[in-house]
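In this text, residue positions in the sequence shown follow the UniProt record's numbering: the first is 1, and each later residue adds one.
Beta carbons: idealized from backbone N, C-alpha and C, even for Gly.
What you are looking at is a predicted structure, and each value in this text was computed from that prediction instead of being measured.
To keep things clear, I will list the structure first and then write my remarks on it.
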Amino acid sequence: MSDKPQEQLNEQEGPKKVSLADAIKQKLAQKKAEQAAQRANPKQAGGLNQSGKSQMTKKVNNQRRRTGGS
């Protein structure tokens, strides 16, 4: 097999263990960077801020009629 100890194999094969706090900080920093990029170029963001449905295609909420509420 190989002459390398098991610890060195684990470091090279799998991702390094990161604490939960560090992972959250990284994710938050990434999210803030994406939001800043969207603010800088709002036309390139595309697709995320879709306009709402028009009133003609909106489904009517008829819960009160179905349940007999007054």
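Just to confirm, is the Cβ distance from Val18 to Gln30 under 9 Å?
Residue numbering aside, residue 18 sits at position 18 when the sequence shown is read from its first letter. Residue numbering aside, residue 30 sits at position 30 when the sequence shown is read from its first letter. In this structure, Gln30 does not lie closer than 9 Å to Val18 by Cβ.
What residue range is occupied by the uninterrupted alpha helix (DSSP H) comprising Lys32?
Counting from 1 along the sequence shown, the entry for residue 32 is found at position 32. Unbroken alpha helix (DSSP H) run through Lys32: Leu20 to Ala40.
Between Met1 and Lys16, what straight-line distance do the alpha-carbon atoms span, to the nearest angstrom?
As a position in the sequence shown, residue 1 is number 1, starting the count at 1. As a position in the sequence shown, residue 16 is number 16, starting the count at 1. Note that Met1 scores a pLDDT of 49, beneath 50, so its modelled location is shaky and nothing firm can be said.
Output the boundary residues of the alpha helix (DSSP H) element that contains Thr67.
Start at 1 with the first residue of the sequence shown, and residue 67 comes out as number 67. Note, Thr67: alpha helix (DSSP H), Gln63 to Thr67.
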